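Those letters in the sequence shown? Residues 1 to 446, per full-length UniProt numbering, in order.
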Amino acid sequence: MEPLSPAFGGLGRRRGHFIARCRTAITPVHMAVLIGLATPPITQAAEPLSLPQAVQAALARSPALVAQDAAARAARETAVAAGQRPDPVLRLSLDNVPLSGPDRYSTSRDFMTAKSVSLMQTLPSTAKRQARTARFEREAQTVEAGRLEQSATIGRDTAIAWLERQALEQRLGLLNEQLGEARLLVQASESAARSGSGSPADWIAARESVAQLQQTLLGVEAERRNARLTLARWTGSDPEQPLATPPDVTPSPTGVGNGAERLAHHPELVRLSAQEAAMAAEAEVARQERDPDWSTELMLSLRGPGYPNMVSLAVSVPLTWDRPQRQDRELAARLAQVDALRAEREERAREHLAEIRRWEEGWRAGLAQLALIDAERLPLAEQRIQTTLAAYRGGRAPLSEVLAARRMALDLRMERIDLHLSTARLWAQLAYLIPAEPAAAQGLTP
């Protein structure tokens, strides 16, 4: 081999010096930066969303609850103002100025002309002011009771949305699993048909089964997308956030079997009870309004030179000479509204008691049916599949029997998912019947 020319030797030496300088210039810090730029970022997987977390997130971000908090504050502020006396009235006047005669338009020469200043104050009774305050306090409690009812509704609806999405994802997983197995059957039936050991009809039937599963899968995927959007509407989370392990709906929700006790804290009944109390407070205001408010007025009159100044004291009171047709009628109307709200609350209590008992019976029946499916029907369906599959492999049964057995097993598993969802809905109705904030703690127990 010929040696390199001097020119090429110089080039090699220069390249070596350049590489050495680069190695010296690239520090460990630079190397770490370069590695970081070359390495794609690692996306942290979203934490699975549990059902209690979804409910708490929905309650924390609900504008409806914020609005009701503001309405309750407004009622309490009004209650303070309603308990105060009206503002006094300041009156300035120029009285008895002559319009004719030698003292015409004079403000100081006529003995009757006076410059007056007066202060008038209306004096409602203490009982009336207390009744007005109590009325708005009761109104604030009504708003708070409505907030508890709204909290229960949000918790229940969020829990049901979470359970419905979880059920759809179970259906989707089951369909994908069945679709994979159905494609294997298509491959097996195609090989059998090409080799002459199977019939083309079996191959066509297997392909039809795959197409049916794909069609069902498309519908379930659309339903799951809608379920994700529905849950995200409540929680504000990413629709793609995975769900955590579903809760066990087997344990009894708190208070099941004692519907009457749970009924005492039912949010709607608590709200109706608060409305009844607020109307009773309005009736008390109407009762106090039967007695008129007295007013007092103190007036100082300044007259011209040589004339004494005057002071006047006046008391005024409205004459309620038509009380039976006015004040008494208003009181009777408020008392009738109290009776109407009481009757409505009692009627709703009966309805809710029957509703709670229906939920409890449906929940227990659903658990019993799920246990029967798991213990009897699912093992039998799997046994039927294995039996028909063995017969098909042995040439004693057509592929259509295998497909029918698999279809029946799929229908049974879908039925179980639907049954579990309906049972879980009833469980959620019972578990989230009473909001986390007990009404008794707010003094709102009916």
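A virtual CB, placed ideally from N, CA and C, is assigned to each residue, including glycine.
Note that the coordinates shown come from a computational prediction; the quantities given were computed from them, not determined experimentally.
Where do the ends of the alpha helix (DSSP H) carrying S151 lie?
-> Bounds of the alpha helix (DSSP H) holding S151 are T126 to S195.
Cβ contact check for the segment 361–371 and the segment 305–318: 3 or more pairs under 8 Å | No contact exists between the segment 361–371 and the segment 305–318.
Between which two residues does the beta strand (DSSP E) carrying R297 extend?
-> Reading off the sequence, residue 297 comes out as Glu, not Arg. E297 -> beta strand (DSSP E) spans W294 to R303.
Contact set for Q166: own chain, Cβ-Cβ below 6 Å, skip 5 residues either direction = The residues are L243 and P246.
Contact with chain D by A222, beta-carbon distance below 7 Å = Of the chains in the structure shown, none is chain D; there is only one protein chain.
Could you have a look at L114 and say whether DSSP puts it in helix, strand or coil?
-> Before going further, note that residue 114 is Ala rather than Leu in the sequence given. If DSSP states are grouped into helix, strand and coil, A114 belongs with the strands.
Give the single residue among E169, G362, A391 and Y105 whose Cα lies nearest to the Cα of A222.
-> The shortest Cα separation from A222 among E169, G362, A391 and Y105 belongs to E169.
Three or more C-beta pairs closer than 8 Å, one from the segment 135–145 and one from the segment 336–348: is that the case here?
-> No, they do not touch.
N84 burial status per 10 Å Cβ neighbour count (16 or more: buried) = Strictly speaking, residue 84 in this sequence is Gln, with Asn absent from that position. Label assigned to Q84: exposed.
Where V311 falls, given that 16 or more other Cβ within 10 Å makes a residue buried | With fewer than 16 other Cβ atoms within 10 Å, it is exposed.
Measuring CB to CB, does T133 end up less than 7 Å from P86?
-> It is not a contact, given that the beta carbons lie outside the stated cut-off.
Quick one: measure Cβ to Cβ for R147 and L65, integer angstroms, because I've assumed they're closer than 8 Å.
-> Between L65 and R147 the Cβ distance is about 6 Å, and since that is below 8 Å, they are a contact.
Determine the closest residue to S209 out of E401, A428, A431 and E346, with distance taken between C-alpha atoms.
-> Considering only alpha carbons, the answer is E401.
Residue 507, enclosing beta strand (DSSP E) - first and last residue = Residue numbering for the chain in the displayed model covers 1 to 446; residue 507 lies beyond these limits and cannot be assessed.
Reference A286; option with closest CA among L119, R104 and Q130 | It is Q130.
Could you check which residue in L217, S195 and A192 has the C-alpha nearest to that of residue 473?
-> Residue coverage of the chain in this structure runs from 1 to 446, which leaves residue 473 outside it and unanswerable.
Give every residue of the same chain whose Cβ lies closer than 7 Å to the Cβ of G362, excluding the five residues on either side of it in the sequence, and list them in chain order.
-> Excluding sequence neighbours, G362 sits near L426.
Name the two residues that bound the continuous alpha helix (DSSP H) containing D411.
-> DSSP places D411 in the uninterrupted alpha helix (DSSP H) bounded by L399 to A431.
For V315, does the three-state DSSP call read helix, strand or coil?
-> V315: strand per DSSP, three-state reduction.
With a Cβ-Cβ cutoff of 7 Å, do A428 and T235 count as a contact?
-> Remark: C-beta atoms of A428 and T235 do not approach each other more closely than 7 Å.
Same chain only: Cβ atoms within 6 Å of W203, ignoring 5 sequence neighbours per side = For W203, the CB contacts under 6 Å within the same chain, skipping 5 residues up- and downstream, are S189, E190 and A193 in chain order.
Could you check what DSSP says for R91 in three-state terms: helix, strand or coil?
-> Annotated three-state conformation of R91 is strand, per DSSP.
From this set, L49, A67, G198 and L331, which residue's C-alpha is nearest T158's C-alpha?
-> Checking every option, the nearest Cα to that of T158 belongs to L49.
Tell me, which residues are paired with Q121 by DSSP?
-> Partner(s): T296.
Three-state secondary structure (DSSP) of C22 | Residue placement at C22 is poorly supported in this model, since its pLDDT is 42, which falls under 50; the coordinates still yield a value, given next. If DSSP states are grouped into helix, strand and coil, C22 belongs with the helices.
The alpha helix (DSSP H) spanning T230 covers which residue range?
-> P200 to T235 is the span of the alpha helix (DSSP H), which, as asked, contains T230.
Which word fits T43, buried or exposed, when buried means at least 16 other C-beta atoms lie within 10 angstroms of its C-beta?
-> Confidence at T43 is low in this model, with a pLDDT of 40, below 50, so its placement is unreliable and the value that follows should be read with caution. T43 is exposed by the Cβ-count criterion.
Extent of the continuous alpha helix (DSSP H) to which Y392 belongs = Segment L378 to R393, the alpha helix (DSSP H) holding Y392.
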